[in-house]
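Heads up, the thing below is written out as structure tokens.
Number of protein chains: 2
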Amino acid sequence: MTQAADTSMTQAKAPRADAVRNRKKILTAAGKQITVYGPDVGMDEMAAAAGVAVGTLYRHFPTKTDLVAAVVAEYLARVADDAEAALARVADGEGRALDELTAFLGRVVEQSATDRAVKAAAQTLGAALGNRADEDRAGAAVAGLIHAGQVDGDIRTDVTVNDIYLLFSTAPADLPPAARTRWLALVTPGLTAQSRPAES
Amino acid sequence: MTQAADTSMTQAKAPRADAVRNRKKILTAAGKQITVYGPDVGMDEMAAAAGVAVGTLYRHFPTKTDLVAAVVAEYLARVADDAEAALARVADGEGRALDELTAFLGRVVEQSATDRAVKAAAQTLGAALGNRADEDRAGAAVAGLIHAGQVDGDIRTDVTVNDIYLLFSTAPADLPPAARTRWLALVTPGLTAQSRPAES
DNA sequence: ATCTATCATGAACCATAGTTCACCTTGATG
DNA sequence: CATCAAGGTGAACTATGGTTCATGATAGAT
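Chains A and B, in that order, are what the protein sequence lines are.
In terms of our numbering, the first sequence opens at residue 1 and continues consecutively.
In terms of our numbering, the second sequence opens at residue 1001 and continues consecutively.
Set out below in structure tokens:
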């Protein structure tokens, strides 16, 4: 009753030092494993990679789904940061919105190639992500980029954030770099503003 | 030694009538199951749907992979037919190449939505498809469409069959119809011939 | 230094899903 | 219609992989 350290009544005691350390190790290792072998890697694999026993994984994450979700969450956070940075650059007049958006898309495609699995995992998990905050951050930033591009007259006026999501979700993750570059080249024209070819 | 019915020495006797019937039932049912639930449906499920026992599946297909491959093969054959029909139409002057190609893409996207799983399965299976013939047929037909469209001046001159494959392989299968339509609208501009927007 | 709640360990457990096989059924042949 | 090999059946086997839990170790407080 004389404990003074907790922020609220429902707060647990402070976690032990090595627990924190392990949690981090697990998250990193799991991320790496998932990146390379896909979200179907066994818990044993990930545990081994992290240098701990399976039981430890379960101490930190009640279920495999939760672990993967945590990894995805980290990934999402990075993406959100990236998007916000791009938007900030545009706001500072350091880059044209369309270019930034394209570059951003490129980076994501790049990454989701590396993190092929994170993508698959994200789809598998679907709604069960828990922290929708980062998703919203990313969405808002992209919306900002789109709007700026439309003001510039570079981006089609009917393009929305959902379109970007749509494209995202179909980005080729497991194809060689050349293919991904080509894909981006094929897809971007759909975003840019220009007159349609003469009808019939 | 007095058997006369076989075409070659390594030919097996003729299959029994009900065997043929069952094979067809299995293929149909498996197709339907996979279409609805994805390639992860259990063998039991598919067997039940076909109205036979698991063992029967294994009599016809040595392994689950083979069964799924057979389903995929059927799907591929349909796609090939479709592509060739489209090409024929263009050759007869009944349709413009770009339009036919777009419509074809639309149909495939439409189907691979229905057959969401077939797609997933195809990727999972990768090379182990066995009958590459249909793949070639489809490829040739699409190549024909592309070329015709380029002659018309409707399709970008640098577009190749591989680009179509690339787009295909990223088609959104599990999204609602509206999203798929939108996707097609976003993607097609990348194929059409028109001047790029002014640089900087 | 001692003590204990937190944490880590990993062999064992269990559920799922592909696969097998000993035993029946049945279509075709004479 | 008698025969029998091809075909069908489904309970049982097996491999895989997520999950648990009794036991041992350790950080941190006294």
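Cβ atoms here follow ideal geometry from the backbone N, Cα and C, with glycine treated the same way.
- Under the Cβ distance rule, G1190 (chain B) counts among the residues neighbouring chain A, one pair being separated by less than 8 Å.
- In this structure, the CA atom of G95 (chain A) is about 52 Å from the CA atom of D1066 (chain B).
- Contact between L1105 (chain B) and I1146 (chain B) is absent: CB atoms are separated by about 11 Å, not below the 8 Å threshold.
- In terms of beta-carbon proximity, D1163 (chain B) lines the interface with chain A, with at least one pair separated by less than 8 Å.
- Per DSSP, Q33 (chain A) is one residue of the alpha helix (DSSP H) stretching across 17-37.
- Here DSSP, grouped into helix, strand and coil, assigns T181 (chain A) to helix.
- Within chain B, the residues whose beta carbon sits less than 9 Å from that of R182 (chain A) are N1162, D1163, L1166, listed in sequence order.
- Leaving aside the five residues that flank D1134 (chain B) on each side, the residues in its chain whose CB is nearer than 6 Å to its CB run, in chain order, L1076, A1077, A1080.
- E1135 (chain B): member of the alpha helix (DSSP H) spanning 1133-1152, first to last residue.
- As the crow flies, the alpha-carbon of P1172 (chain B) is around 8 Å from that of W1183 (chain B).
- Residue contact check for A1097 (chain B) against chain A: no CB pair falls below 8 Å.
- Straight-line measurement puts the Cα of L1166 (chain B) at about 22 Å from the Cα of V1151 (chain B).
- Residue-level contact check: P39 (chain A) does not touch chain B, since none of the beta carbons of chain B fall below 8 Å from its beta carbon.
- Against S1169 (chain B), the close residues of chain A are P172, in the order they occur along the chain (beta-carbon pairs closer than 7 Å).
- Residue pairing by DSSP places I155 (chain A) opposite A:T192 in a beta bridge.
- Around the beta carbon of V1020 (chain B), fewer than 16 other beta carbons sit within 10 angstroms, so the residue counts as exposed.
- From the listed residues B:G1038, B:V1036, B:V1041, B:G1139, the smallest Cα separation to L1087 (chain B) is found for B:G1139.
- Within the region 1039-1080 of chain B, complete alpha helix (DSSP H) segments of at least 4 residues are found at 1043-1050, 1054-1060, given in chain order.
- Chain order gives the chain A residues near A1179 (chain B) as L166, where near means a beta carbon separation below 7 Å.
- Counting along the chain, no alpha helix (DSSP H) covers D92 (chain A), and no H or E run does either.
- For V187 (chain A), the chain B residues whose C-beta falls within less than 8 Å of its own C-beta are L1186, V1187, G1190, listed in chain order.
- Here D1163 (chain B) is buried. Its C-beta has 16 or more other C-beta atoms within 10 Å.
- The alpha carbon of D18 (chain A) has as its nearest neighbour, out of A:G38, A:T56, A:P189, the alpha carbon of A:T56.
- DSSP places T1102 (chain B) in the helix class (H, G or I) of the three-state scheme.
- Looking at the backbone, the Cα of R1023 (chain B) and that of E1045 (chain B) are separated by about 16 Å.
- When only Cα atoms are considered, V1090 (chain B) and E1084 (chain B) end up about 10 Å apart.
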